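Following: one structure in structure tokens, then a few remarks.
In this note's numbering, the protein residues as written are 1 to 946.
What follows is the structure in structure tokens.
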């Protein structure tokens, strides 16, 4: 269990959740702040109730502790003593490894980064800081009320975080990444505008990026803030940096073992090389030291045993008393665990001494490594034995493999996932080399390449599956293996000797499945209908089918993660995502009955349809959150689309696709839009709804700049939608607005005007001012491109004066003003409206900023900011290349670039262009937030480039 204590307090056993109430959170927060130490009941009572706790505080506190123990040790028996939240003579003690606390990991990272920075190991600083800063969701236990004890604790961790931010920025600058440093520091100075070291680093980063004007403007900003807020001048370091920039100080711009002794080693055969796990090998090896417990976690077939064997061999020199491998796979009874270890170590028998005592006596005061493989089915017995071993043998270490953690203090867990595609292909080639004659080897660069990738994907990147598939090359061609795996990836049998539990991938997974509880088994089966990454919400939809209930999803899913039947991935600021690896899903699919499948498929489809059809109108509040929900649940949405367009075509599938057009465009999935549009057309020939289908197909063609195809589709769709009967007018108006936006984006101004006019008419008739405002904004932008600038500006002004608040309408109105300013050469006005465009895009949740950045380059050029113009043109070019489209996109950009290059000179132009290319490595959404985010002054001013 991990404790997410930087931000709202969560306990995480695979699924993060609050501990269960404000008072429980307070008690746990106090214990976390003093982890491993005794905490008196008076201290806890004061933290919960303040200086004057109630008379029954002691009894109530006992109840809270009892409830907290249920959260921290859900599997503890009714009579078993607590091992995590222990009773102490002085009160209570939380006994967990400190590295299970996010706060402790942050503190450790800050110390490590400080040492690495002093030693010049800048890459290490960047790596350590990235992982640690991702833990930060807010101040220590931010949802816990402070009765007087929390403020200093929060201040300590906040200061550690800021120190880590500064260390990371210094390392990035030293590594030649000043753009990234300046970008990351923008948010930091906005949050802490009076902290001079942050400003010093940001100003240096701006200067190193070739932005002297921006650096000087930033200095002027902080100077004024210090004077206004504190009545002081900048400190000596900041003032000195300012002077060095003014004189362009050259110093601110940087110039570009012996043989190991023999030790006893008892390990399985290492004849086969390890591939694709080099980084994991280094990571695990670095953690092994005397008294260490490291557990490799993951599903069957992921390569835990193989990696453990290789790690043990790599670190053998650290353990002169020997390295010993104990396979617990065949151990049926928990009491046999010490016996199995004794069999390997072969200690001298002593009459009346148990096998466990023999082992502990053999390893006492000896620096030895014990590798305990396949612990999951005798987990409790292994945990008890390992706990006593490490207590009695302080020089020994244990490397365990399991599908579940041992849950011991100090346990370091290393989860293993599937191999990346390239590593998986390398492993397949290596394992198949001996299976085929030299003149019939697999060719990884020729026609065999796609087959190799198909095979590796079909087995989910699991090394076991890859090795099983590679063994089949003795008899079958790659195409036959790939086709077989596509049909049933779980049924690939092993030929030749090998452990019974790995006879097939299905049996490998079944070994974990049989250990799961009844509810976990049910959800495991049902997850087969979610082909890909999914969320807790998706799992809850499947739990809506009896005998489960949606409220159980969190707990049951957590159990599946615990048993390695589901993998979890956390992304800061987003919902936790989960997945079944392909062979595990094959097992789930194999065990799902037809009756249960029909019920959960219906529940899945209903859940996606209800959520999407109830989503916000285009441009309405909540669109960005809606897009994020779609991204989080994209695999489920795609599965339902295929179900309703291909497997069982239905009108609901066509309507679902129509609601997703803007999401596909705004989140840069145009290729996907085109493919779904084709399937929409196919489905419409079966179920009708041709006007909606043609509209979707026309939007895809227009956004792909296929004017002829778009015209053909719009010729059918727009008149039909414009003539919609009263019951359908609101939906038709909404879809016509979508058509008008896509047509305008695809340079089909006449169709944009026609569709927008019809959308306004129908929306007015249906009483939908939101959609009507959107249509009028498209009419404004279309009028401008049609040559009627005065009408365009008047319409745009009317849209901006409309209080309806359609953000997409506001975007089009600001685009109209931005283009007008560009035509007139008014750079400052263009930048102001361009910023408003970016702000609307940010609020809408779009990610395709390349066009806006190209326009920003033109405005900067008109405003005389030549260096910034070069940077944003380069940024736009790089983002367009990443989208696989040509550049420039706007007429006249080539001529402006020629002017810009001549004005700056080739060397200066190249420097700023390269800086812009490096900016493309940043998250464009965060970059826009830094430029035009909704921040208060003076913080917002601090983020703005001149």
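Quick reminder that beta carbons are idealized off the backbone N, C-alpha and C, glycines included.
Please read these numbers as outputs of a predicted model, since none were measured by experiment.
Under 8 Å, do residue 416 and residue 288 count as touching if we go by C-beta distance? Within the chain shown, residue 416 is the residue found at index 416, counting from 1. Within the chain shown, residue 288 is the residue found at index 288, counting from 1. Their beta carbons are not under 8 Å apart, which means residue 416 does not touch residue 288 by this criterion.
How many Å lie between residue 744 and residue 695 at the Cα? Here residue 744 is taken as the residue at index 744 of the chain shown, counted from 1. Here residue 695 is taken as the residue at index 695 of the chain shown, counted from 1. Taking C-alpha positions only, residue 744 is separated from residue 695 by approximately 14 Å.
Span separating the alpha-carbon of residue 10 from that of residue 187: Residue 10 sits at position 10 when you count from the first residue of the chain shown. Residue 187 sits at position 187 when you count from the first residue of the chain shown. The straight-line gap separating the alpha-carbon atoms of residue 10 and residue 187 is approximately 25 Å.
Local Cβ density within 10 Å of residue 301, reported as buried at 16 or more and exposed below that: Position 301 of the chain shown, counted from the first residue, corresponds to residue 301. Buried is the call here.
Around the C-beta of residue 771, are 16 or more other C-beta atoms found within 10 angstroms, so that it is buried, or is it exposed? For the purposes of this step, residue 771 is identified with residue 771 of the chain shown, where counting begins at 1. Only buried fits residue 771, as 16 or more other CB atoms lie within 10 angstroms of its CB.
With three or more beta-carbon pairs closer than 8 Å as the criterion, would you say the region 671-687 touches the region 635-655? Touching, yes, given that three or more Cβ pairs across the two stretches are closer than 8 Å.
Taking the C-alpha atoms as reference points, what is the distance between residue 716 and residue 732? Looking up residue 716 in the chain shown gives position 716. Looking up residue 732 in the chain shown gives position 732. C-alpha separation (whole angstroms): 14 Å.
May I ask whether a heavy atom of the ligand ZN can be found less than 7 Å away from the beta carbon of residue 166? This structure does not include the ligand ZN; it has no bound ligands of any sort.
For the region 332-371, list the alpha helix (DSSP H) runs that are entirely contained and at least 4 residues long, ordered along the chain. Runs of the alpha helix (DSSP H) inside the region 332-371: 337-345 and 355-363.
Under a three-way DSSP split, which group does residue 296 fall into? By 1-based counting over the chain shown, the position of residue 296 is 296. Annotated three-state conformation of residue 296 is strand, per DSSP.
At what residues does the alpha helix (DSSP H) containing residue 947 begin and finish? Limits of the chain in this structure are 1 at one end and 946 at the other, which puts residue 947 out of reach.
Using the beta-carbon count (16 or more within 10 Å), is residue 906 buried or exposed? Reading the chain shown from its first residue, position 906 is the one you call residue 906. Exposed is the label assigned to residue 906, since fewer than 16 other Cβ atoms lie within 10 Å of its Cβ.
Output needed for residue 232: all residues of its chain with C-beta closer than 6 Å, excluding positions within five of it in sequence on either side, in chain order. Here residue 232 corresponds to residue number 232 of the chain shown, with the count starting at 1. Answer for residue 232: 226, listed in chain order.
Which runs of the alpha helix (DSSP H) fall wholly inside the region 815-898 and span at least 4 residues, in chain order? With a minimum length of 4 residues, the continuous alpha helix (DSSP H) runs that stay inside the region 815-898 are 827-844, 850-862 and 866-882.
Just to confirm, are residue 431 and residue 381 a CB contact at a threshold of 8 Å? Taking the chain shown and counting its residues from 1, the one referred to as residue 431 is at position 431. Taking the chain shown and counting its residues from 1, the one referred to as residue 381 is at position 381. Contact: no.
Is there contact here, the region 360-373 with the region 322-338, by at least three beta-carbon pairs under 8 Å? The region 360-373 is in contact with the region 322-338.
What is the DSSP secondary structure of residue 913, counted as helix, strand or coil? For the purposes of this step, residue 913 is taken as the residue at position 913 of the chain shown. Of the three classes helix, strand and coil, the one that applies to residue 913 here is helix, per DSSP.
Pull up the CB-CB distance for residue 800 and residue 783, whole angstroms please, since I reckon it's below 8 Å. Taking the first residue of the chain shown as 1, we reach residue 800 at position 800. Taking the first residue of the chain shown as 1, we reach residue 783 at position 783. With 8 Å as the limit, residue 800 and residue 783 do not qualify as a contact, their Cβ atoms being about 15 Å apart.
Starting from residue 413, trace the beta strand (DSSP E) in both directions and tell me its first and last residue. Position 413 of the chain shown, counted from the start, is the residue given in the question as residue 413. 411-415 is the extent of the beta strand (DSSP E) around residue 413.
Near residue 163, which residues of its chain fall below 6 Å by C-beta distance, leaving aside the five closest residues on each side in sequence? As a first step, residue 163 is located in the chain shown; it is residue number 163 there, counting from the start. 110, listed in sequence order.
According to DSSP, is residue 503 part of a helix, a strand, or is it coil? Locating residue 503 in the chain shown gives position 503, counting from the first residue. Only weak support is given to the placement of residue 503: the predicted model assigns it a pLDDT of 47, under 50, and the value that follows is read from those uncertain coordinates. In the three-state scheme derived from DSSP, where H, G and I count as helix and E and B as strand, residue 503 is classed as coil.
Selection from 910, 840 and 861 that minimises the alpha carbon distance to residue 931: Taking the first residue of the chain shown as position 1, residue 931 is located at position 931. Of 910, 840 and 861, the residue nearest in Cα terms is 840.
Going by alpha carbons, who is nearest to residue 37 out of 81, 77, 98 and 78? Walking along the chain shown from the start, residue 37 turns up at place 37. Looking only at 81, 77, 98 and 78, the smallest Cα-Cα distance to residue 37 is reached by 98.
So within the region 58-83, which uninterrupted alpha helix (DSSP H) runs reach at least 4 residues, ignoring any that extend past its ends? The DSSP assignment places no complete run of the alpha helix (DSSP H) inside the region 58-83 (cut-off: 4 residues).
Rounded to the nearest angstrom, what separates residue 311 and residue 43 at their Cα positions? If you number the chain shown from 1, residue 311 lands on position 311. If you number the chain shown from 1, residue 43 lands on position 43. For residue 311 and residue 43, the distance between alpha carbons rounds to 45 Å.
If you draw a straight line from the C-alpha of residue 126 to the C-alpha of residue 117, how long is it? Reading the chain shown from its first residue, position 126 is the one you call residue 126. Reading the chain shown from its first residue, position 117 is the one you call residue 117. It is roughly 10 Å from the alpha-carbon of residue 126 to the alpha-carbon of residue 117.
With a CB to CB cut of under 7 Å and the five nearest residues on each side skipped, what residues in its chain are close to residue 64? Counting from one through the chain shown, the residue named residue 64 turns up at place 64. The beta carbon of residue 64 is closer than 7 Å to those of 23, 24 and 27 in its chain, skipping five residues each way along the sequence.
Residue interval of the beta strand (DSSP E) (run including residue 326): The residue labelled residue 326 in the question sits at position 326 within the chain shown. Boundaries of the beta strand (DSSP E) harbouring residue 326: 322-327, taken from the DSSP string.
Limits of the unbroken alpha helix (DSSP H) element including residue 577: As a working mapping, residue 577 is identified with position 577 in the chain shown. For residue 577, there is no enclosing alpha helix (DSSP H); the enclosing beta strand (DSSP E) has its first and last residue at 577-579.
Would you kindly work out how many angstroms separate the C-alpha atoms of residue 160 and residue 452, rounded to a whole number? Within the chain shown, the letter at position 160 stands for residue 160. Within the chain shown, the letter at position 452 stands for residue 452. Rounded to whole angstroms, residue 160 to residue 452 spans 47 Å at the Cα level.
Using three-state DSSP, classify residue 287 as helix, strand or coil. Against the chain shown, residue 287 aligns to sequence position 287. If DSSP states are grouped into helix, strand and coil, residue 287 belongs with the helices.
Residues of its chain near residue 5, where Cβ-Cβ distance is below 8 Å and the 5 sequence neighbours each way are ignored: Translated into the one-based positions of the chain shown, residue 5 becomes position 5. The beta carbon of residue 5 sits closer than 8 Å to those of 29, 32, 101, 102, 103, 140 and 141, all from its chain and outside the five residues before and after it, given in chain order.
Between the Cα of residue 519 and the Cα atoms of 548, 539, 542 and 536, which residue gives the shortest distance? The residue you call residue 519 lines up with position 519 of the chain shown. That would be 548, whose Cα lies nearest to the Cα of residue 519.
Contact belief for residue 541 with residue 629 at Cβ below 8 Å, rounded distance in angstroms: For the purposes of this step, residue 541 is identified with residue 541 of the chain shown, where counting begins at 1. For the purposes of this step, residue 629 is identified with residue 629 of the chain shown, where counting begins at 1. Not a contact, Cβ separation roughly 13 Å.
When the distance is taken between beta carbons, is residue 748 closer than 8 Å to residue 707? For the purposes of this step, residue 707 is identified with residue 707 of the chain shown, where counting begins at 1. For the purposes of this step, residue 748 is identified with residue 748 of the chain shown, where counting begins at 1. Yes, the Cβ-Cβ distance between residue 707 and residue 748 is below 8 Å.
Using DSSP bridges, identify the partner residues of residue 398. The residue given as residue 398 occupies position 398 in the chain shown. Looking at the DSSP assignment, residue 398 forms a beta bridge with 293 and 370.
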